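Reviewing the structure listed below.
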Amino acid sequence: MNMHSVLLYGCAVVVIVSGIRLLAALATERCEEMPPPLALLRAWRRPVPKAAAGLVATMVALGVVQAVVPAVIDALERHPHGAWWRAVTALMVQSSGWFQLVINLTSLAVVAPIAERQFGPWRMALVFATSGVAAQAVSMAGWSPRGGGDSVAICGLVGALATWYAARGSVVTLRWAALLVPAAGLVLCLLTNNHGVGLLVGCVLGAAMATPARPPLPA
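Residue numbers (the numbering used here): -8 to 210.
Quick look at the structure:
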């Protein structure tokens, strides 16, 4: 295994390990007493986060479509020198098959409801779309001209939650751990991996949402 692969897998471990603990902390205030997998399920408690449910349902439907009509993948994924709109449609297909489809749907079902509860439905959708499209656009520019998938947008949600928690979180150790996520995003960008773009764009948006609102101007 070369150094590129070591760094790539190392970043994946950092994001997954610190991300799961962070998500569990945001999903329930009792995360110290509840195993992370069970804590993550609490994000779907009532009232159900409707935007997250709609997003997951949409990606499931698109997954079924691409399984039934595989030509949809080629029609929507990013291509070398492809039209600009493919930076958007590339989020709608999973070009690496069933494994990517299952992993991304599972990840989205875990992350999206927590992000919606933290930021609200419109901000969650904005982070997902902005970070995903940015990563796809950079990929089309040369990093990875062909392919598709929404994992880069999911990384954006994780990045936003990480920087928000680093600024506003209540558990000091988790606040420091959350800073590992943007660090991993930077390393991934240096490796020209498009997930790094998704992470960093999400981190910037999360930091912006963590900034205290300014007091109103005096009358």
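Glycine is no exception: its CB is placed at the ideal position from the N, C-alpha and C atoms.
Every value quoted in this text rests on a predicted model; they were computed, and no experiment measured them.
Any beta carbon of chain D sitting closer than 7 Å to that of residue i?
i	result
ALA175	Looking at the structure shown, chain D is missing, and only one protein chain is on hand.
When you compare each of the options to residue i by their alpha carbons, which one comes out closest?
i	options	result
CYS2	ASN184, ASP141 and PRO203	ASN184
VAL(-3)	LEU191, ARG77 and VAL178	VAL178
VAL4	LEU182, ALA175 and ALA199	ALA175
VAL59	HIS70, ALA16, GLY88 and ALA151	GLY88
VAL162	TYR0, LEU(-1), MET(-6) and ARG12	ARG12
TRP76	ALA120, PRO40, GLY10 and MET50	ALA120
ALA108	TYR0, LEU14 and SER9	According to the sequence displayed, residue 108 carries Arg and not Ala. Checked all of TYR0, LEU14 and SER9; the closest Cα to ARG108 is LEU14.
ARG36	TYR156, ALA18, LEU191 and LEU53	ALA18
LEU152	ALA62, ALA125, GLY133 and GLY111	GLY111
THR202	ALA157, LEU191 and LEU182	ALA157
LEU(-1)	ALA52, VAL55, LEU181 and GLN127	LEU181
LEU190	ALA126, VAL55, MET200 and ALA199	ALA126
ALA74	GLY187, SER130 and PRO173	SER130
PRO71	GLY133, ALA106 and VAL195	GLY133
LEU117	VAL8, LEU165 and ALA199	ALA199
GLY187	THR49, MET(-6), VAL124 and VAL84	VAL124
LEU282	SER142, GLY10 and ALA62	Because the chain spans -8 through 210 in this model, residue 282 falls outside it and cannot be assessed.
LEU92	ILE145, MET115 and PRO173	ILE145
ARG137	ALA106, SER86, TRP155 and VAL39	SER86
At what residues does the alpha helix (DSSP H) containing residue i begin and finish?
i	result
ARG108	89 to 110
GLY147	142 to 159
GLN85	Looking at the DSSP string, GLN85 is not in any alpha helix (DSSP H), and its letter there is neither H nor E.
MET200	185 to 201
ALA174	171 to 181
MET131	That residue, MET131, is in no alpha helix (DSSP H); it is neither H nor E in DSSP.
ALA52	41 to 59
Per DSSP, which residues does residue i bridge with? Please list them.
i	result
GLY138	ARG69
Assuming residue i contacts residue j (C-beta within less than 8 Å), just tell me the rounded distance between them.
i	j	result
LEU82	LEU46	That pair is no contact at about 11 Å.
ALA168	PRO104	21 Å between Cβ atoms; not a contact.
ARG33	GLY139	31 Å between Cβ atoms; not a contact.
GLY193	GLY147	3 Å
VAL149	VAL6	7 Å
SER142	ASN95	5 Å
VAL63	VAL84	6 Å
Mind checking whether the beta-carbon of residue i lies closer than 6 Å to any heavy atom of the ligand GDP?
i	result
GLY54	Within the structure as shown, the ligand GDP is missing, as the structure has no ligands at all.
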